[in-house]
Structures are given as structure tokens and as C-alpha cells.
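Heads up, the thing below is written out as C-alpha cells.
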Amino acid sequence: MTYEFYKILHLSGLICLFFGFGGLLVATYAKVQLTGPARAMAFATHGIGLLFLLFGGFGMLAKLGIMAHLPGWVIAKVVIWIFMAAAISIVKRKGYIGWPIAILLIVLGATAATLAINKPF
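Residues 136 to 256 in the numbering used here are what the sequence shown lists, from first letter to last.
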């Protein structure tokens with residue numbers, strides 16, 4: 136697989152992740168009870184997004200040849216990934232709060248992007 140393939144996979148994972156968050160967050164904030172298939176779609180896109188992010192990210196690292204010793208920015212992105220994995224539970228239980236959760240998720244996504252682009256440490 137090429138570096139470009141892993142990058143597209145990684146970005147597709149990002150789209151899926153936030154698609155799942157958005158669907159569940161808006162429904163919870165609006166106090167709308169999601170039906171079984173709609174709820175499954177929100178959780179499935181979140182999970183698929185996480186997998187695509189993980190495989191795409193580590194695939195790119197392998198193509199760059201930096202898998203032997205992971206830099207600090209990669210470890211920080213993995214920590215953000217773990218929080219994003221658990222955040223679906225927060226959205227499900229506390230989604231009625233709305234904007235603060237949405238802003239938190241956006242800030243985490245922007246932080247992960249900043250780490251990947253700037254590679255500060």
C-alpha cells in the first residue's frame with residue numbers, strides 16, 4: 136500500500152468519526168430517541184472511523200519509517216485517539232449539554248491535526 140492510500144484511509148476515518156459523533160450529539164441534544172438502525176449507524180460510523188484512523192495513521196508512520204521509535208507527537212495523538220474512542224460514551228450520556236461537548240471534540244480534532252502537521256516534539 137502507498138503512503139497516499141494510508142492518508143486517504145486516515146482522512147476517511149476522521150470523516151466517519153465526526154459523522155458518528157454529530158449524529159448522536161444532535162439527536163441527544165434535541166432529546167430525540169434514535170431508532171435501532173439510526174443508533175447503530177451512529178455507533179458503527181464512530182467505530183469504523185476509529186479503525187480507519189488507527190490503521191491509516193500507523194500505515195503512514197510505517198511508510199515514513201518511524202515505527203521503531205515513536206516521537207512524542209505520535210504518542211499525544213494516540214492519547215487523543217483513546218479519548219475520542221471513549222468520548223462516544225460521554226456524547227451518549229451527556230449529549231444534552233450540547234455545545235461544550237461539540238467544542239471539546241472540535242478542539243481535540245484540531246489539536247490532533249496540529250500535532251500531525253507541525254510535529255512539535
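Positions of the beta carbon are idealized from the N, C-alpha and C atoms, including for glycine.
Please confirm whether residue i has its beta-carbon closer than 8 Å to some beta-carbon of chain B.
{"i": "Ile223", "result": "No chain B is part of this structure, which consists of one protein chain only."}
Between the C-alpha atoms of residue i and residue j, what's the straight-line distance to the nearest angstrom?
{"i": "Pro255", "j": "Trp208", "result": "7 Å"}
{"i": "Phe153", "j": "Ile201", "result": "28 Å"}
{"i": "Ile238", "j": "Gly230", "result": "12 Å"}
{"i": "Leu196", "j": "Gly171", "result": "37 Å"}
{"i": "Leu149", "j": "Phe190", "result": "12 Å"}
{"i": "Ile210", "j": "Met219", "result": "14 Å"}
{"i": "Ile232", "j": "Tyr164", "result": "7 Å"}
Might you give, ordered along the chain, the residues of its own chain that have their beta carbon closer than 6 Å to the beta carbon of residue i, omitting 5 neighbours on each side?
{"i": "Gly158", "result": "Ala177"}
Indicate whether residue i and residue j have their beta-carbon atoms separated by less than 8 Å.
{"i": "Lys212", "j": "Tyr141", "result": "no"}
{"i": "Ile215", "j": "Thr249", "result": "no"}
{"i": "Ile225", "j": "Gly155", "result": "no"}
{"i": "Cys151", "j": "Gly192", "result": "no"}
{"i": "Leu103", "j": "His145", "result": "Outside the displayed span of the chain (136 to 256) sits residue 103, for which this structure offers no information."}
Starting from the C-beta of residue i, find all residues in its chain whose C-beta is less than 7 Å away, skip the five residues before and the five after it, and write them out in chain order.
{"i": "Met136", "result": "Gly194"}
Is it right to say residue i is buried, meaning 16 or more other beta carbons lie within 10 angstroms of its own, or is it exposed?
{"i": "His181", "result": "buried"}
{"i": "His204", "result": "exposed"}
{"i": "Ile217", "result": "exposed"}
{"i": "Ile236", "result": "buried"}
Quick check for students: name the residue ranges of the beta strand (DSSP E) that lie wholly in the stretch 198-233, counting only runs of 3 or more. none
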